[in-house]
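*Asks:* Following this message is one structure expressed as structure tokens.
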Amino acid sequence: MGRIAHENAQLIGTRTVEDVRADFPLLDRTVNGRSLAYLDNAATSQKPRAVIDAIRVYYEHGNANVHRALHTLGEEATAAYEEARGKVQRLLNARSSREIVFTRGTTEAINLVASTWADRELAPGDVVLVTEMEHHSNLVPWQLACARRGAELRAVPITEEGTLDLEEIEKSWHPRTRLVAVTYVSNVLGTINDVKAIAALAHARGATVLVDGAQAVPHLRVDVQDIDCDFLAFSGHKTYGPMGIGALYGKEALLEAMPPWMGGGEMIRSVSLESSTWNELPWKFEAGTPNVEGAVGLSEAIDYLHALGLPAVRGWEEVLAAYARERLAAVTGITLYGAARYPRPGRSASVFPFTLGGIHAHDVAQFLDREGIAVRAGHHCAQPLARRLGVPATVRASLAFYNTFSEIDRLAEALESARRFYE
Amino acid sequence: MSAFDDLYQEIIMDHYRSPRGAAKLDHVPQAQAHENPTCGDSIKLEVVVGEGERLERVRFDGKGCAISTASASLMTETLRGLSVSDARDRADTIIKALRGDLPASVLDTMGDLAAFKSLTSFPVRVKCATLAWHALLVTLPAAKGA
Chain S
5 MGRIAHENAQ LIGTRTVEDV RADFPLLDRT VNGRSLAYLD NAATSQKPRA
55 VIDAIRVYYE HGNANVHRAL HTLGEEATAA YEEARGKVQR LLNARSSREI
105 VFTRGTTEAI NLVASTWADR ELAPGDVVLV TEMEHHSNLV PWQLACARRG
155 AELRAVPITE EGTLDLEEIE KSWHPRTRLV AVTYVSNVLG TINDVKAIAA
205 LAHARGATVL VDGAQAVPHL RVDVQDIDCD FLAFSGHKTY GPMGIGALYG
255 KEALLEAMPP WMGGGEMIRS VSLESSTWNE LPWKFEAGTP NVEGAVGLSE
305 AIDYLHALGL PAVRGWEEVL AAYARERLAA VTGITLYGAA RYPRPGRSAS
355 VFPFTLGGIH AHDVAQFLDR EGIAVRAGHH CAQPLARRLG VPATVRASLA
405 FYNTFSEIDR LAEALESARR FYE
Chain B
28 MSAFDDLYQE IIMDHYRSPR GAAKLDHVPQ AQAHENPTCG DSIKLEVVVG
78 EGERLERVRF DGKGCAISTA SASLMTETLR GLSVSDARDR ADTIIKALRG
128 DLPASVLDTM GDLAAFKSLT SFPVRVKCAT LAWHALLVTL PAAKGA
């Protein structure tokens with residue numbers, strides 16, 4: 005697959021990648037005298053100008069507190085905030101906007117469930133099942149919940165290829181398993197898990213299913229009704245929206261049964277000095293003044309993704325990923341992990357974890373930074389997985405639709421130079 | 028010189044490629060290893076104290092990045108002959124200087140260790156360079172005559 009053969013094919017739907025890149029002001033900057041190659045999208049994505057403008061316009065034109073003020077600005081801000089909720093609902097194909105709770109992000113969304121659902125549903129001796137490939141945000145909240153409730157936390161081992169085997173889940177199953185918490189796409193391995201099959205397996209055995217969608221929502225069409233998960237969490241900032249906003253999807257009956265989490269304004273119906281009654285869904289879980297600016301930005305990001313077309317985005321990212329796999333596999337001394345090493349059609353995300361000879365991941369990343377290439381190095385907030393792979397630290401390049409073949413070429417060439425520099 | 032070249036300057040790369048005082052220290056239990064959980068780096072030290080409570084030999088066994096390896100290597104060189112309390116003071120001063128709690132210029136009087144002054148431009152890498160020195164502070168009280 006030659007580079008030149010690809011030059012004419014860099015299209016997202018009907019738009020060229022160069023054209024789409026122009027929507028992202030930050031991609032235009034230089035780092036250490038080189039043009040930036042931003043390959044750290046699994047950590048956070050860059051934001052299109054439309055998102056940045058929407059936040060600015062909100063503050064210049066529409067800022068007010070929501071659900072309180074009777075004045076025009078208050079009504080407009082409330083409408084914008086609730087419109088954003090509707091967009092998240094449609095993005096995830098939830099049945100109702102009552103099933104969408106705004107949170108600070110994935111971590112807060114999972115903590116919400118690990119506090120309110122777990123405190124009501126987990127009894128001593130119950131089991132919560134996670135997997136070896138979970139991000140700390142879908143592991144530590146369950147450790148805390150299990151410790152509080154006297155429940156047991158079990159982890160499903162991953163295969164050598166860095167995938168989840170349904171048989172392994174069955175083997176790890178305990179009759180008292182109450183919840184399965186699993187990531188849709190591994191932030192380290194790039195594995196796309198068959199969360200629909202996992203949900204079916206868990207439901208057949210009477211367990212509830214939470215899906216960490218942080219790495220899935222920015223790249224795949226996520227349909228919570230099709231997956232039939234009970235909860236799904238994601239972050240706005242990885243989905244081309246701002247930081248500090250994300251959402252929890254939860255099936256209405258489950259959210260309805262859960263007690264509130266944080267107390268304060270907005271989440272109440274009526275308050276006396278002794279006690280209170282709760283607001284209806286989803287506001288029961290949204291105590292205090294919410295992140296309206298974040299919701300407005302996320303709303304715009306979702307519009308932006310729809311305008312590009314989710315199938316077009318996924319299609320282009322798969323082409324890019326195939327090119328990256330081939331280019332990186334040819335780098336001298338490289339060891340790829342996970343889906344980059346064992347690709348499966350339709351089951352591999354554009355995440356590339358690797359080590360380079362005996363060179364430490366931090367040294368590799370520092371060298372790449374000198375070349376203007378931004379990647380992540382370390383355990384990627386998944387220490388148990390790093391131990392499982394037997395490498396405390398890996399370098400991770402993670403792509404988004406605005407990346408190009410030439411950025412991947414620069415990465416591969418810089419890795420050859422890094423090897424020569426350190427050896 | 029770019030900040031990168033300053034960080035990976037010749038003296039540091041030399042100690043990284045041919046570390047002084049590096050050894051297999053299988054007799055030191057893994058429980059005594061000092062770790063940087065953020066990058067998985069790990070180091071074990073062997074400190075031999077001889078006549079007059081002076082450090083006779085310091086060796087290290089570890090896996091780490093260029094900065095942490097070079098720092099450990101330079102440390103084993105700079106400690107030889109120091110008294111236990113001087114070694115402790117030196118570790119304390121270097122950790123403070125690298126963290127920015129003391130002016131980096133205090134490293135100017137410490138020979139090749141001055142090479143680490145450039146770390147002030149790379150705050151994320153400070154822990155790489157201080158790992159060996161933290162390990163020393165933990166190891167020193169247990170040091171006994173050979």
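Chains as they are written, first to last, in the working numbering: chain S, 5 to 427; chain B, 28 to 173. A virtual CB, placed ideally from N, CA and C, is assigned to each residue, including glycine. These figures come from a predicted structure and were not determined experimentally.
DSSP three-state call for Tyr406 of chain S: helix, strand or coil?
*Replies:* Here Tyr406 of chain S sits in coil by DSSP.
*Asks:* So if I threshold CB-CB distances at 9 Å, which residues from the stretch 394-417 of chain S count as touching chain B?
*Replies:* So the list reads Val395, Pro396, Ala397, given in the order they occur along the chain.
*Asks:* Is it true that the CB of Ile94 of chain B sits closer than 8 Å to the CB of Ile39 of chain B?
*Replies:* Closer than 8 Å, so yes.
*Asks:* Assuming Arg392 of chain S and Ile162 of chain S form a contact by the criterion Cβ under 8 Å, report the distance between their Cβ atoms to the nearest whole angstrom.
*Replies:* At roughly 7 Å, the Cβ-Cβ gap stays under 8 Å, so Arg392 of chain S and Ile162 of chain S are in contact.
*Asks:* How far does the alpha helix (DSSP H) with Pro315 of chain S in it reach, from first residue to last?
*Replies:* 314-333 is the span of the alpha helix (DSSP H), which, as asked, contains Pro315 of chain S.
*Asks:* Taking Cβ-Cβ distances shorter than 7 Å, what residues in chain B pair up with Asp367 of chain S?
*Replies:* Ordered by position in chain B, the residues that pass the 7 Å Cβ test against Asp367 of chain S are Cys92, Ala93.
*Asks:* Leaving out five residues on either side along the sequence, give the residues of the same chain with a beta carbon under 8 Å from the beta carbon of Thr105 of chain B.
*Replies:* Same-chain partners within the cutoff: Arg117, Met137, Gly138, Asp139, Leu140.
*Asks:* Quick one: what's got a C-beta closer than 7 Å to Gly217 of chain S's C-beta in the same chain, skipping five residues either side?
*Replies:* Tyr188, Val226, Leu236, Ala237, Phe238, listed in sequence order.
*Asks:* Of the residues B:Phe87, B:Gly77, B:His42, B:Arg81, which one's Cα is nearest the Cα of Asp53 of chain B?
*Replies:* Taking only the C-alpha atoms, the option nearest Asp53 of chain B is B:Phe87.
*Asks:* DSSP on Ser352 of chain S, reduced to helix/strand/coil?
*Replies:* In this structure, Ser352 of chain S counts as strand in the three-state DSSP scheme.
*Asks:* Are the C-beta of Arg380 of chain S and some C-beta of chain B separated by less than 8 Å?
*Replies:* It does not; no Cβ of chain B falls within 8 Å.
*Asks:* Measure how close the beta-carbons of His161 of chain B and His61 of chain B come, nearest whole angstrom, since I'm counting them as under 8 Å.
*Replies:* The pair is a contact, with the Cβ atoms about 6 Å apart (cut-off 8 Å).
*Asks:* Grab the span of the beta strand (DSSP E) containing Trp282 of chain S for me, first residue to last.
*Replies:* From DSSP, the beta strand (DSSP E) with Trp282 of chain S extends over 280-282.
*Asks:* Could you check whether Leu43 of chain S and Leu324 of chain S sit closer than 8 Å to each other, using their CB atoms as the reference points?
*Replies:* No, the Cβ-Cβ distance between Leu324 of chain S and Leu43 of chain S is not below 8 Å.
*Asks:* Along the chain, where does the beta strand (DSSP E) containing Ser69 of chain B start, and where does it finish?
*Replies:* 68-76 is the extent of the beta strand (DSSP E) around Ser69 of chain B.
*Asks:* Measure the C-alpha to C-alpha separation of Glu78 of chain B and Pro388 of chain S and round it to an integer number of angstroms.
*Replies:* Glu78 of chain B and Pro388 of chain S: Cα-Cα distance of roughly 45 Å.
*Asks:* For the stretch 14-40 of chain S, which segments carrying the alpha helix (DSSP H) assignment without a break, of at least 4 residues, lie completely within its bounds, in sequence order?
*Replies:* Those alpha helix (DSSP H) runs which fall completely within the stretch 14-40 of chain S and span 4+ residues are 21-25.
*Asks:* Going by DSSP, what residues sit across from Gly292 of chain S in a beta bridge?
*Replies:* BP columns for Gly292 of chain S are empty, so no partner.
*Asks:* Cβ of Gly6 of chain B less than 8 Å from any chain S Cβ?
*Replies:* Any answer about residue 6 of chain B is impossible in this case: the structure gives chain B only from 28 up to 173.
*Asks:* Would you decide whether Ile8 of chain S is buried or exposed? Buried here means 16 or more other CB atoms lie within 10 Å of its CB.
*Replies:* The predicted position of Ile8 of chain S is uncertain, since its pLDDT is 46 and thus under 50; no value can be drawn from it.
*Asks:* Would Ile70 of chain B and Gly48 of chain B be called neighbours here (beta carbons separated by less than 8 Å)?
*Replies:* Not a contact, by the Cβ cut-off of 8 Å.
*Asks:* In chain S, what lies closer than 9 Å to Ser29 of chain B by C-beta?
*Replies:* Those within 9 Å of Ser29 of chain B in chain S are Asn36, Gly37, Arg374.
*Asks:* Would you verify that the beta carbon of Ala390 of chain S is, or is not, closer than 8 Å to some beta carbon of chain B?
*Replies:* Interface residue, yes.
*Asks:* Let me know if Pro315 of chain S comes out buried or exposed under the rule of 16 or more other beta-carbons within 10 Å of its beta-carbon.
*Replies:* Flag for Pro315 of chain S reads exposed.
*Asks:* What is the residue span of the alpha helix (DSSP H) that Ser100 of chain B lies within?
*Replies:* Run containing Ser100 of chain B: 93-106, per the alpha helix (DSSP H) assignment.
*Asks:* Could you list which residues in chain B have their beta carbon closer than 9 Å to that of Tyr426 of chain S, in chain order?
*Replies:* Near Tyr426 of chain S (Cβ distances below 9 Å), the residues of chain B are Tyr35, Met40, Tyr43, Arg44, Ala93.
*Asks:* According to DSSP, is Glu4 of chain S helix, strand or coil?
*Replies:* For residue 4 of chain S there is no data in the structure shown, the boundaries of chain S being 5 and 427.
*Asks:* Have a look at Ser45 of chain B and Leu168 of chain S and give me their C-alpha separation to the nearest angstrom.
*Replies:* Cα to Cα, the separation comes out at about 42 Å.
*Asks:* I need the straight-line Cα distance from Ala159 of chain B to Ser98 of chain B, nearest angstrom please.
*Replies:* Distance between the alpha carbons of Ala159 of chain B and Ser98 of chain B is about 7 Å.
*Asks:* Suppose you measure from the CA of Gly350 of chain S to the CA of Val399 of chain S; what does that come to, to the nearest Å?
*Replies:* For Gly350 of chain S and Val399 of chain S, the distance between alpha carbons rounds to 23 Å.
*Asks:* Nearest-angstrom Cα distance between Glu3 of chain S and Val70 of chain S?
*Replies:* No statement about residue 3 of chain S is possible, as the shown extent of chain S runs from 5 to 427 and does not include it.
*Asks:* Note down the Cα distance separating Trp320 of chain S from Pro222 of chain S, rounded to an integer number of angstroms.
*Replies:* Those two C-alpha atoms are separated by around 13 Å.
*Asks:* Strictly below 7 Å CB to CB, what residues from chain B border His383 of chain S?
*Replies:* Within 7 Å Cβ-Cβ: Gly67.
*Asks:* With 16 other CB atoms within 10 Å as the buried threshold, where does Met266 of chain S fall?
*Replies:* Counting Cβ neighbours within 10 Å, Met266 of chain S comes out exposed, since fewer than 16 surround it.
*Asks:* Bridge partners of Gly90 of chain S, per DSSP?
*Replies:* Its beta-bridge partners do not exist; DSSP assigns none.
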